[in-house]
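I have placed the structure first, in the form of structure tokens, so that the comments after it can refer back to it.
In our numbering, the protein residues as written are 33 to 82.
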């Protein structure tokens with residue numbers, strides 16, 4: 033999965049260093065995912081939107 037908004041995530045972590053571990057773990061999960069539909073994303077992240 034291609035992740036967009038990486039600069040925003042980096043800025044968030046710069047402002048809130050305590051969240052860096054969680055954001056990094058989520059980022060790796062998303063980048064490694066092979067979802068082919070929004071339905072599959074929502075199975076993992078129920079509040080995901082397009």
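Beta carbons: idealized from backbone N, C-alpha and C, even for Gly.
Problem - Assigned secondary structure, residue 53 (DSSP; H/G/I helix, E/B strand, else coil) - result: On the chain shown, position 21 is the one that residue 53 refers to. In this structure, residue 53 counts as helix in the three-state DSSP scheme.
Handout entry: Meets three-Cβ-pair contact criterion under 8 Å: the region 62–79 and the region 33–50
Key = yes
Practice task
Work out the CA separation of residue 41 and residue 58 for me, nearest whole Å.
Solution key: Within the chain shown, numbered from 1, the residue matching residue 58 stands at position 26. Within the chain shown, numbered from 1, the residue matching residue 41 stands at position 9. Each residue's alpha carbon lies about 11 Å from the other.
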